[in-house]
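When we follow this note's numbering, the leftmost residue of the sequence shown carries the number 483, and every step to the right adds one.
We put the beta carbon where it would ideally sit given N, CA and C, even for glycine.
Quick caveat, the model's predicted, so the values are computed rather than measured.
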Amino acid sequence: MVYLFDFLLRQHDWRYVGLAALVCLMAAYACMSLLRHARHATSRLRLVWVGVAAVAVGLGIWSTHFIGMLALRPGFTLSYDLALTAVSLLIAIAICGLGIALAARGRTAADHLLGGAVVGIAIAGMHFTGIAALVMGGAIGWNMSLVALSVLAGMGLGALSFWAAHRDRLLLGAVLLTLAICGMHFTAMGAADLSRCFPLNGAGGVDNGLLSVGVALVSLLVLGAATGSALLDQADRRRVHTAERLAEVSVILELATTHMAQGLCLFSPAGIMQFHNVRVGELIGPSMGRRSMVGWHFRDLSRALQTTAGDLHLAEAAAAQRIEGMIAKIESGESLDYLRTLNDGRIIRFLHIPIAAGGWVTTLDDVTDQQRAQAEISRLAYRDSLTNILNRAAFNDELDLALEEADANDLNFAVVAIDLDRFKDINDTYGHAVGDQVLQALGTRLSAGLKEGEVVARMGGDEFAALKRFSSMDSLREFLARIEAALFARIPAGQVVISTAASIGVSIFPDDGGDRSRLLNNADLAMYRAKADVERHLCYYEEDMDEHARQRRAMARDLWVALEEQGFHLVYQVQKSVETSQITGYEVLLRWERPGHGLVSPGDFIPIAEESGAIGAIGAWVLNTACQHAASWPEPYKIAVNISGVQLGQPELIETVRDALLLSGLAPSRLELEVTETSIIADKQRALHILRQIKAMGVSIAIDDFGTGYSSLDTLRSFPFDKIKIDRSFMTSVDHNDQSRAIVRAILALGNSLSMPVLAEGVETAAQLAVLRAEGCTEAQGFLLGRPGAMTWSSAEIAGLPSAQITPLRSLNRR
483 MVYLFDFLLR QHDWRYVGLA ALVCLMAAYA CMSLLRHARH ATSRLRLVWV
533 GVAAVAVGLG IWSTHFIGML ALRPGFTLSY DLALTAVSLL IAIAICGLGI
583 ALAARGRTAA DHLLGGAVVG IAIAGMHFTG IAALVMGGAI GWNMSLVALS
633 VLAGMGLGAL SFWAAHRDRL LLGAVLLTLA ICGMHFTAMG AADLSRCFPL
683 NGAGGVDNGL LSVGVALVSL LVLGAATGSA LLDQADRRRV HTAERLAEVS
733 VILELATTHM AQGLCLFSPA GIMQFHNVRV GELIGPSMGR RSMVGWHFRD
783 LSRALQTTAG DLHLAEAAAA QRIEGMIAKI ESGESLDYLR TLNDGRIIRF
833 LHIPIAAGGW VTTLDDVTDQ QRAQAEISRL AYRDSLTNIL NRAAFNDELD
883 LALEEADAND LNFAVVAIDL DRFKDINDTY GHAVGDQVLQ ALGTRLSAGL
933 KEGEVVARMG GDEFAALKRF SSMDSLREFL ARIEAALFAR IPAGQVVIST
983 AASIGVSIFP DDGGDRSRLL NNADLAMYRA KADVERHLCY YEEDMDEHAR
1033 QRRAMARDLW VALEEQGFHL VYQVQKSVET SQITGYEVLL RWERPGHGLV
1083 SPGDFIPIAE ESGAIGAIGA WVLNTACQHA ASWPEPYKIA VNISGVQLGQ
1133 PELIETVRDA LLLSGLAPSR LELEVTETSI IADKQRALHI LRQIKAMGVS
1183 IAIDDFGTGY SSLDTLRSFP FDKIKIDRSF MTSVDHNDQS RAIVRAILAL
1233 GNSLSMPVLA EGVETAAQLA VLRAEGCTEA QGFLLGRPGA MTWSSAEIAG
1283 LPSAQITPLR SLNRR
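Below is the structure:
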């Protein structure tokens, strides 16, 4: 190895050595690049690329050899035999072509290693043929070890260079091939001993000068080949990149179009299908499978989707006309978007979008589930979720439609308002689950057997409504009879059987109203009249109902005005001991002098106050005012204040009582609240809970109007009342009617057994008072004992006269 370096340093011109290496590198790179083109080319074109590569690398090997010979300084001028010099070039090209062909046709690393080794043989063959072309005297001495090393180096490095080319590492392959060529040449030159050689004068041949010209020309060819291969390689990279990018985009597009939920078609300007994805065939029908429809006309696709039935000729004619119309619209630039229902029930949405270059894109989308879901949403929007009959919104629409039809055709129809009776009792007694079952059963019964022009709906809660188009009153009566039969029935619900009833009101178009609001309002008025009448459960609207409703609304407005303008006042009716005639307290009574109407009975305005929501404010005023009055009296008499059923259902009543006592300073023991059992039954648990909290303050609780309404012993057992008040209706005949006297006796006995005092109301005659005294009644009140009036006291009484001499003066309402 030291010998070879010394040989290179001492006997070579390094400028030529560098030039040789540069030319060799260019040729090697051209070979690697052209080999890659040959590998990717088709069989016929591959031969062309193999030939070009063989010429390029052969010229490179030949140029490298003779430039290296120009770098050699043997001590005499070298000349060459022209024929052998030409043969050496042909050997390099031919054998390199064989090796390149082996590598280009092969697909494995072994094929490329073999091809590279053959190129190494070509290098050695060309070199030794070139040495044989030297014209000189004497004999060359050879170091056979170095000769063998040079040949093996050329073959080994050549094989490695083609292996690198197989891995698409062109620069590494070019460097390895350059080392193979240069290594083989300079190692082989180091193996040759030219010391016994001498020039032959006049022997002919090509001298170094002419050789330099030839080598320069060949080097130019090699440079051109290298430059061309570099340009080809760059272009090939761009082509490969573009192809790869196109392939990648194609794969992405294929994946996208194959797996997209929509069908996609591309039509040419002539209406011919140029592309479609797999989804199109799936949407058209299972029979299509993966059949290609490319080449179909738009008409063919439309015929495949025919959904008409009946006369085939007429169906085809109508379809053809429709298809031509669609094509004309698309060609004019109009987008089409529509739905079609196929024979199997699927709903397909078609969207045709024209494109600028002509033709159009069509998308197909299965919207069956979407459309069915939308239809279900629409159905639910007009259906009551509990009973599955029409709801309020749907009924209003039906009523509006009936109004339009009636105006156009001069027809009559009736609006029926239905409100279940005592449905709250069903919920309270059996629970809301049973109440829901009752509503469901009634919805089913009311909607069963409906005829054309008949509608039934649930308006909410326990309210229903019906509509009947009719041409004779007989048909309306028959419809109402069916409604009554459905409502007045026994309904099994779980372990119990519920008997239902309802109040029904009827208004008729056009006599009772010409618009929806008026008809519904009048039907409600008739229904409320039926609810108030114990003998009827069905009422037709009458004009006086509307007048009555207007009067009630006017009274409600005046009640609120009276609250704001202090239009109410209180009177007090004395309560006395039956045995001793001593005053035990006063009942507080509310009076209202309505402007323009005079004194209004509480029995008339209290129900309206409850309906309008004014009862809470009125009740609070009564409590506060009564407590303040009583607190200012010189005698600590007890006052009794009536509480309505609506007040008893409001938790605010507890705070109202507490505030009234605190603000007035009245002792809780001087306040007694009177409640009716009817007001308790409305919501028994809530009412008893509120009463217990009020009683805990020290306030007394009396049960009023006992003997009427429910009057159940369970109510007396559930709550420890402080007093029982016998209703005045029993006093009117107690002195001469044995039955009335027996009832009073029974109530008194009940109070005695429960250790509860009993007060009788409405005592107006001495005979009535005598009966009460004889039966052991505790207290009494009535006109006989004192009429209701305002409480006033004389100055002497206020100054502290003995209480036995104090007599309250009653100056108002002595009726």
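| Leu949 in three-state terms, based on DSSP | If DSSP states are grouped into helix, strand and coil, Leu949 belongs with the strands.
| query | When DSSP labels each residue in this structure, what does Gly995 get in the three-state scheme? | reply | In the structure shown, Gly995 sits in coil (DSSP, three-state: anything other than H, G, I, E or B).
| said: What does the alpha-carbon distance come out to for the pair Leu1155 and Glu966? | reply: Going from the Cα of Leu1155 to the Cα of Glu966 covers about 42 Å.
| Could you give the residue range of the alpha helix (DSSP H) that holds Ile1097? | Per DSSP, Ile1097 belongs to the alpha helix (DSSP H) from 1097-1113.
| Helix, strand or coil at Phe680 according to DSSP, with G and I counted as helix | The answer is strand: DSSP assigns Phe680 an E or B state.
| field | Assigned exposure category for Met1085 - 16 Cβ within 10 Å defines buried | value | Here residue 1085 turns out to be Gly, not Met, going by the sequence shown. Counting Cβ neighbours within 10 Å, Gly1085 comes out exposed, since fewer than 16 surround it.
| query | With DSSP run on the structure shown, which of helix, strand or coil describes Ser817? | reply | Coil.
| field | Other residues of its chain near Gly550: CB distance less than 6 Å, five sequence neighbours each side excluded | value | These residues qualify, in order along the chain: Ala502, His667.
| query | Can you list, in chain order, the residues of its chain whose CB lies under 8 Å from that of Ala983, leaving out five sequence neighbours each side? | reply | So the qualifying residues of the chain are Leu902, Asp903, Arg904, Leu969, Phe970, His1019.
| query | Nearest to Leu1145 by alpha carbon, out of Asp1040, Ala752, Arg555, Ala1108? | reply | Answer by Cα proximity: Ala1108.
| task | State buried or exposed for Ser1063, treating a residue as buried only when at least 16 other CB atoms are found within 10 Å of its CB. | result | Flag for Ser1063 reads exposed.
| request: Using the Cα positions of Leu1232 and Phe1188, report the straight-line distance between them to the nearest angstrom. | output: Phe1188 has its alpha-carbon roughly 11 Å from the corresponding atom of Leu1232.
| Distance CB(Thr669)-CB(Leu507) smaller than 8 Å | No, these two residues do not count as a Cβ contact at 8 Å.
| query | What is the DSSP secondary structure of Ile871, reduced to helix, strand or coil? | reply | Ile871: coil per DSSP, three-state reduction.
| Based on the DSSP output, what are the partners of Met755 in its beta bridges? | Bridge partners of Met755: Phe749.
| field | Boundaries of the alpha helix (DSSP H) in which Pro1089 is found, first to last residue | value | Per DSSP, the continuous alpha helix (DSSP H) segment holding Pro1089 begins and ends at 1084-1094.
| query | Residues in its own chain within less than 6 Å of Phe946 by CB, not counting five upstream and five downstream? | reply | Result list for Phe946: Ile900, Arg940, in chain order.
| query | Going by beta carbon distance, what residues of the same chain come within less than 8 Å of Gly840, once the five residues before and after it are set aside? | reply | Apart from the 5 residues on each side of it in sequence, Gly840 sits with its Cβ closer than 8 Å to the Cβ of Ser750, Pro751 in its chain, given in chain order.
| query | In its own chain, which residues sit with a C-beta less than 7 Å from the C-beta of Thr869, not counting the 5 before and 5 after it? | reply | Excluding its 5 nearest sequence neighbours in each direction, Thr869 has C-beta neighbours in its own chain below 7 Å: Leu921, Gln922, Gly925, Arg940, listed in chain order.
| said: Alpha carbons only, please: which of Lys1177, Gln1167, Thr1160, Ala1169 is nearest the one belonging to Leu1153? | reply: Minimum Cα distance to Leu1153 is reached at Lys1177.
| field | For Lys1207, the three-state DSSP class (helix, strand or coil) | value | DSSP, reduced to helix, strand and coil, places Lys1207 within a strand of the structure shown.
| query | What is the C-beta distance between Val662 and Gly602, in whole angstroms, given that I count them as a contact (C-beta under 8 Å)? | reply | As written in the sequence, residue 662 is Ala, which differs from the Val given in the question. Indeed, because the Cβ distance is near 6 Å, the residues count as touching under 8 Å.
| field | Counted within 10 angstroms of its Cβ, other Cβ atoms place Ser1276 as buried (16 or more) or exposed | value | Low per-residue confidence applies at Ser1276: pLDDT is 47, beneath 50, and the placement is therefore not dependable enough to give any value.
| Length of the line joining the Cα atoms of Gly1271 and Val1070 | Rounded to whole angstroms, the gap between the alpha carbons of Gly1271 and Val1070 is 10 Å.
| request: Within the same chain, show all residues whose beta-carbon is closer than 7 Å to that of Ser1126, passing over the 5 residues directly before and after it, in chain order. | output: Within the same chain, Ser1126 has close Cβ partners Ile1088, Glu1092, Ile1097, Gly1101, Ser1161.
| field | Close-in-space but distant-in-sequence residues of the same chain around Arg1034 (CB under 8 Å, 5 per side omitted) | value | Taken in chain order, the residues that qualify are Ile1090, Glu1093.
| field | Spatial neighbours of Asp675 in its chain, beta-carbon cut-off 8 Å, leaving aside the 5 residues before and after | value | Take Asp675, set aside five residues on each side of it, and the residues of its chain with a beta-carbon closer than 8 Å to its own are Ile622, Gly623, Trp624, Asn625, in chain order.
| What three-state label does DSSP hand Gly612 in the structure shown? | DSSP places Gly612 in helix when its eight states are reduced to three.
| message | Here's the rule I'm using: 16 or more other beta-carbon atoms within 10 Å means buried, otherwise exposed. How should Lys1205 be labelled? | response | Residue burial annotation: Lys1205 is buried, with at least 16 other C-beta atoms found within 10 angstroms of its C-beta.
| Straight-line Cα distance separating Gln756 from Ala786 | Just so you know, the alpha carbons of Ala786 and Gln756 end up roughly 17 Å apart.
| query | Where do the N-terminal and C-terminal ends of the alpha helix (DSSP H) with Phe548 fall, by residue? | reply | Judged by DSSP secondary structure, Phe548 falls within the alpha helix (DSSP H) whose first and last residues are 525-553.
| Near Leu1230, which residues of its chain fall below 7 Å by C-beta distance, leaving aside the five closest residues on each side in sequence? | Excluding sequence neighbours, Leu1230 sits near Val1240, Glu1257, Gly1258, Cys1259.
| Between the Cα of Val534 and the Cα atoms of Leu554, Ser545, Ala509, which residue gives the shortest distance? | Taking Val534 as reference, the option from Leu554, Ser545, Ala509 with the minimal CA-CA separation is Ala509.
| Unbroken stretches of the beta strand (DSSP E), 3 residues or longer, contained in the stretch 1107-1172 | Every beta strand (DSSP E) stretch that sits fully inside the stretch 1107-1172 and reaches 3 residues is listed by chain position as 1120-1124, 1153-1158.
| Which term fits Arg951, buried or exposed, when burial requires 16 or more other beta carbons within 10 angstroms of its beta carbon? | So Arg951 ends up on the buried side.
| query | What does a CB cutoff of less than 7 Å around Lys906 pick up in its chain, not counting 5 residues either side in sequence? | reply | Within the same chain, and ignoring the five residues on either side of Lys906 in sequence, no residue has its Cβ closer than 7 Å to its Cβ.
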